[in-house]
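In our numbering, the protein residues as written are 65 to 336.
We put the beta carbon where it would ideally sit given N, CA and C, even for glycine.
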């Protein structure tokens with residue numbers, strides 16, 4: 065943890081780094097993979113997909129039943145440029161959203177990176193907005209057999225946020241970061257190369273934002289805060305840069321969140 069993350073410490077850090085915090089890991093063995101094809105035959109409309117954790121076709125070992133089943137590994141196969149957004153909702157709560165057509169990847173939704181027991185009975189809903197016709201998207205997740213039933217558990221995952229795009233001419237520019245929650249890192253995507261890239265907090269603290277790589281035809285810059293910076297404690301935050309030509313910039317902050325479940329009921333620990 066740096067002096068800045070201590071100065072602008074987020075509530076997530078205080079909770080997740082305390083000495084007595086020991087989240088439970090659910091041990092399980094692989095059963096099979098469930099696959100669903102989503103038809104992308106229409107443009108810029110939401111296609112709602114309910115992921116129903118179905119276990120009726122499974123053959124269980126002696127002494128086991130559907131309450132011993134868990135689910136893990138939500139993933140997408142297809143053309144990222146054909147999908148504008150994918151939003152994840154659980155029990156009506158907005159958990160996360162990714163923007164494949166901008167970032168060039170389906171990575172980012174980490175909620176099902178850990179085993180979720182069958183006891184979690186909320187609807188898991190994906191709202192998918194396509195940007196191209198006739199480009200099917202395959203959704204997959206794995207079913208696993210848990211070694212023990214876990215009625216009370218917590219899931220740690222990452223939230224992504226996006227506040228839209230901004231256009232700039234050649235020369236020095238400033239992108240306002242309108243966040244009010246703890247942020248772990250920020251990815252910036254630019255259609256043109258940038259130099260002298262910094263995140264400036266309260267016009268005092270200046271953090272260099274290095275160039276990472278070309279991704280999806282855009283220049284990607286990323287800053288890690290080695291912890292979280294609570295932007296609700298920052299009066300003014302900007303991304304400053306020098307554009308070598310006209311450009312469009314997108315920014316994606318990432319923060320950690322936690323969902324607690326007890327007897328099938330649960331919710332987010334922190335709202336964005």
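First through last residue of the beta strand (DSSP E) which encompasses residue i
i: residue 257; result: Run containing residue 257: none; DSSP gives neither H nor E here.
i: residue 236; result: 235–240
i: residue 201; result: 201–210
i: residue 162; result: 157–162
i: residue 189; result: 188–194
Coarse secondary structure for residue i, derived from DSSP in three states
i: residue 170; result: coil
i: residue 152; result: strand
i: residue 13; result: This structure gives no information on residue 13, because the portion of the chain shown stretches from 65 to 336.
i: residue 226; result: coil
i: residue 10; result: Outside the displayed span of the chain (65 to 336) sits residue 10, for which this structure offers no information.
i: residue 95; result: strand
i: residue 308; result: coil
i: residue 297; result: helix
i: residue 285; result: strand
i: residue 215; result: coil
i: residue 243; result: coil
Pairwise C-alpha distance: residue j and residue i
i: residue 211; j: residue 91; result: 6 angstroms
i: residue 265; j: residue 240; result: 11 angstroms
i: residue 164; j: residue 148; result: 6 angstroms
i: residue 178; j: residue 303; result: 33 angstroms
i: residue 299; j: residue 170; result: 33 angstroms
i: residue 325; j: residue 260; result: 45 angstroms
i: residue 296; j: residue 123; result: 51 angstroms
i: residue 273; j: residue 160; result: 25 angstroms
i: residue 182; j: residue 201; result: 25 angstroms
i: residue 311; j: residue 142; result: 28 angstroms
i: residue 157; j: residue 119; result: 24 angstroms
i: residue 243; j: residue 126; result: 52 angstroms
i: residue 175; j: residue 140; result: 14 angstroms
i: residue 215; j: residue 233; result: 55 angstroms
i: residue 278; j: residue 307; result: 16 angstroms
i: residue 267; j: residue 301; result: 8 angstroms
i: residue 258; j: residue 305; result: 6 angstroms
i: residue 187; j: residue 138; result: 14 angstroms
i: residue 283; j: residue 117; result: 39 angstroms
i: residue 287; j: residue 251; result: 7 angstroms
Whole-Å CB distance - residue i paired with residue j, under 8 angstroms assumed
i: residue 195; j: residue 146; result: 6 angstroms
i: residue 99; j: residue 225; result: The pair is not a contact, with the Cβ atoms about 29 angstroms apart (cut-off 8 angstroms).
i: residue 131; j: residue 207; result: Actually they do not touch by this definition, with Cβ atoms about 13 angstroms apart.
i: residue 209; j: residue 128; result: 7 angstroms
i: residue 218; j: residue 323; result: 7 angstroms
Runs of beta strand (DSSP E) wholly within the region 97–134 (minimum 3 residues, chain order): If one requires a minimum length of 3 residues, the beta strand (DSSP E) runs lying completely within the region 97–134 are 110–115, in chain order.
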